[in-house]
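A short write-up of the structure that comes next.
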Amino acid sequence: MLQSRCLAFCLFLFAFCIPRASGADWLHWRGPEQNGHSKETGLPAEFDPRQKEKGNVAWTQPFGGRSAPLVMDGRLYIIQGTGEGLGEAEQVVCFDEKTGKKLWEYRVSVYHTDIVSSRLGWTTLAADPATGHVYAHTTAGALLCLDKAGKLVWTRQLTEEFGRVTGYGGRIVSPVFDSGLVIVGMVNGSWGDQARGLNRFVAFDAKTGEVAWWATLSPDTLFGTYYSIPVVAVIGGQRLLLTGGADGSVHAIKVRTGEVVWSKQLAKGVINGSPVVSGNLVYFTHGEENPEGAPIGRVVCLDASQIDPATKEPKVVWDTFRRKYKANRNRELANRFGLASAALADGLLYVPDDTGELFCFRAKDGEMLWKSRYATEVRGAPLVADGKLYIFDVKGRMLIYKLNGEKAPDRDDTFEYKFPAKDGLPNETNCTPIAVNGRIYFTTRTDLYALADAGAKAGTGKYEPLPEETPFKEGAVAGVRLFPAEVAAKPGEKVTFKAVFFDANGREVKHDAKGEWSLPVPPLPKGATTPPPALQGTLADGVLALAPVPSQQGYVDFQAGNLKARARVRVVPQIPYAQNFDKLPPGAAPGGWVNVQGKYLAKKLDDGSLVLSKANTDARPPLARANGYITSPEATDYTIQADMQGTKVRDRLPDMGLVNCRYTLV
């Protein structure tokens with residue numbers, strides 16, 4: 001199947017780390033400290049859109065959404081679903097933060113997904129304040145880099161290039177920016193060592209879009225798609241990416257290299273909630289079955305500075321699954337804390353459960369201090385700011401709690417506003433509000449709001465920067481990686497790789513070692529009887545000159561002493577292209593194709609014809625309903641033709657189809 005997109009290839013410049021955003025910006029969906037706590041003051045305790053400014057509403061715009069806005073350098077950005085039918089799309093929209101004036105929009109069509117229309121635009125945006133670039137991950141799999149004027153700088157197609165899959169419920173992961181990298185988690189299956197569908201992270205150079213590293217979280221476990229948004233923290237002198245996973249575990253990954261530092265299983269299902277961090281302590285939540293058995297769900301505090309040398313797991317400080325609560329009749333507290341993320345402020349952890357009950361825990365010891373019923377269905381996370389807690393339910397209500405330290409807030413003194421239905425449909429509220437520059441910003445299904453208390457004096461408290469990393473030592477080499485870590489090349493093309501030596505924190509180190517370059521024979525794929533050949537071409541001093549073979553894939557290896565690195569190379573079939581499978585060994589899949597290995601295999605039928613047969617031994621949707629992608633995403637203006645045959649079972653034929661420029665004929 002053939003798709004369309006444009007790639008850019010440039011030399012890699014390893015970028016510096018940026019400090020946390022100032023109070024004037026809101027670059028991570030949970031704020032400058034990535035914990036759902038804003039240090040703004042003078043924020044409204046109530047509002048009424050019907051009274052506009054007199055009702056504490058600075059401005060509104062008829063642009064709705066599901067995710068938290070982003071604020072950078074006086075501009076506010078959202079991502080939203082828009083349009084219907086063949087015109088259905090997602091778009092990034094930019095506004096003047098002060099006035100609400102729309103400045104520009106960038107639109108991308110929806111394709112390659114079963115996600116329902118009401119759940120489009122559920123990822124949050126990331127940004128680089130040094131360049132003003134904004135990064136978006138669309139439901140269709142486009143990873144976009146847009147400049148301040150809304151012009152496309154670069155794009156990668158995660159579905160067509162890397163076999164990313166989506167979930168029916170909208171479960172895809174938002175990108176994060178750090179250390180000059182745009183990092184995205186996903187469930188994918190492409191080719192070679194990534195043929196099996198697993199939870200992986202990929203980092204792109206933020207300026208060029210080239211692949212810097214890959215990380216596979218678990219080698220054998222996948223429960224489904226997920227949407228935990230990572231946070232960046234410095235713990236024990238290491239700069240880490242902390243995240244929940246689709247494998248039921250939580251992970252710490254080195255930001256600059258993708259090395260997994262530690263993992264700990266907490267669930268027998270995906271972990272959707274984002275972590276929050278305070279010093280060395282990391283808090284995770286989930287709403288799935290626990291590995292120990294019933295009951296379901298938990299809240300856990302881990303000390304990420306104390307790693308067991310035998311298990312490579314962090315120390316558990318407290319765990320609601322394992323402790324007894326008098327308020328819960330001396331039983332464990334294990335609600336489904338699976339859909340909305342927690343917030344951490346002033347030593348208190350606020351956690352909504354899936355049924356709309358808000359729990360408050362003392363962060364240092366896990367003591368449950370109070371709980372309050374506010375909804376029956378929730379998705380958005382709480383925002384704590386100015387002594388108040390702002391939170392949505394799904395069914396069009398916003399609540400503003402007046403917090404009272406460790407004591408339960410007065411429910412009778414809690415402000416509630418019900419957003420009216422529009423177009424005959426409920427005005428859903430799935431967003432997480434943000435507080436920056438004296439205002440509260442959020443979206444409903446239909447509108448974007450800016451709230452401000454005109455009678456209050458707004459101010460901003462001091463945000464704590466990340467701790468210092470372990471000091472850099474020139475020449476202290478801990479490893480090596482190849483850049484780019486993966487390329488999609490044309491037959492006969494030359495590709496240049498660079499060996500990047502790095503220290504224990506992934507920072508580039510000058511090193512004179514020449515090392516040895518090689519083209520290894522790939523391992524035997526599952527279901528195949530003959531291993532695929534090594535890449536056909538020549539390799540010298542990091543320059544790969546590919547043979548003019550139209551369809552192949554393989555690896556480039558580099559070794560300097562005990563240090564080893566590998567890059568992935570896909571030689572993309574070019575148009576015109578024909579494939580009749582007569583040269584494929586039984587059980588093999590065509591080289592250069594994405595998301596076919598292990599799902600399709602060469603097979604000889606009883607009549608002697610050679611075909612590519614769909615594997616039918618696993619009913620899970622990513623295997624049973626797989627799309628394979630043949631050429632590069634920028635291919636256009638072509639015709640695709642194939643003979644298809646299916647076996648009728650209980651008077652029904654299987655789904656079969658072709659995709660041409662992202663249009664599907666089934």
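Counting with my numbering, you get residues 1 to 666 for the letters of the sequence shown.
Beta carbons: idealized from backbone N, C-alpha and C, even for Gly.
Computed from a predicted structure; not experimentally measured.
- For A624, there is no enclosing beta strand (DSSP E); the residue is part of the alpha helix (DSSP H) that begins and ends at 621-624.
- Ranked by how close their Cα comes to the Cα of G492, the residues L302, N562, E508, T538 have T538 in first place.
- A Cβ-Cβ contact shorter than 8 Å links A567 with F497.
- Nearest neighbour of G87 by Cα position, chosen from I79, C94, A212, S109, turns out to be S109.
- DSSP places D178 in the strand class (E or B) of the three-state scheme.
- In this chain, the beta strand (DSSP E) harbouring L344 covers 343-345.
- The Cβ atoms of R30 and S228 lie no closer than 8 Å to each other.
- For E46, same chain residues with a beta-carbon under 6 Å away, outside a window of 5 residues either side, are F415 in chain order.
- Taking every protein chain shown into account, the CB of M644 has fewer than 16 other CB atoms within 10 angstroms, so this residue is exposed.
- Looking from the CA of C94, the closest CA among Y135, W122, V116 belongs to Y135.
- Here R373 has G356, E357 as same chain residues with Cβ atoms under 7 Å from its own Cβ, once five neighbours each way along the sequence are excluded.
- Beyond the five residues adjoining it in sequence on each side, S117 comes within less than 7 Å, by CB distance, of G81, E88 in the same chain, given in chain order.
- Per DSSP, E468 is not a residue of any beta strand (DSSP E), being assigned neither H nor E.
- When rounded, the separation of the alpha-carbon atoms in V316 and S67 is 31 Å.
- Between the C-alpha atoms of T124 and D423 there is a straight-line separation of about 26 Å.
- Between the segment 149-156 and the segment 547-565, the count of C-beta pairs closer than 8 Å stays below three; the two stretches do not touch.
- Excluding the 5 residues flanking it on each side, A565 has same chain C-beta neighbours closer than 7 Å at V480, R481, L482, A499, F558, in chain order.
- Using a 10 angstroms sphere on the CB of Q306, the tally of other CB atoms stays under 16, which defines it as exposed.
- Residue state for G192 is assigned as helix, using DSSP reduced to three classes.
- Around G366, the same chain offers C301, W318, T320, R323 as residues with beta carbons nearer than 7 Å, after the five sequence neighbours per side are excluded.
- Counting along the chain, F162 sits inside no beta strand (DSSP E); it lies in the alpha helix (DSSP H) bounded by residues 158-162.
- Going by beta carbons, T139 and T113 fall inside the 8 Å limit.
- If you look at M368, you'll find it in the beta strand (DSSP E) that goes 368-373.
- The alpha-carbon separation between D637 and C661 amounts to approximately 8 Å.
- Contact annotation: A203 and G132 have beta-carbon atoms that are not nearer than 8 Å.
- Where G297 is concerned, the enclosing beta strand (DSSP E) starts and stops at 293-307.
- As a beta-bridge residue in DSSP terms, L349 pairs with L344, F361.
- Around the Cβ of Y663, a 10 Å sphere holds fewer than 16 other Cβ atoms; the residue is exposed.
- Per DSSP, the unbroken beta strand (DSSP E) holding E105 starts and ends at 102-109.
- In summary, V184 is buried, with 16 or more beta-carbon neighbours lying within 10 Å of its beta-carbon over all protein chains present.
- Restricting attention to E406, L389, A450, the CA atom closest to the CA of T99 is found in A450.
- A residue is called buried once 16 or more other Cβ atoms fall within 10 Å of its Cβ, and F472, having fewer, is exposed.
- Between K599 and L623 a beta carbon distance of about 6 Å is seen, short of the 8 Å cut, so the two are scored as contacting.
- The three-state secondary structure of L612, taken from DSSP, is strand.
- T41 is bridged by DSSP to G459.
- Per the DSSP secondary-structure output, V500 pairs in a beta bridge with R481.
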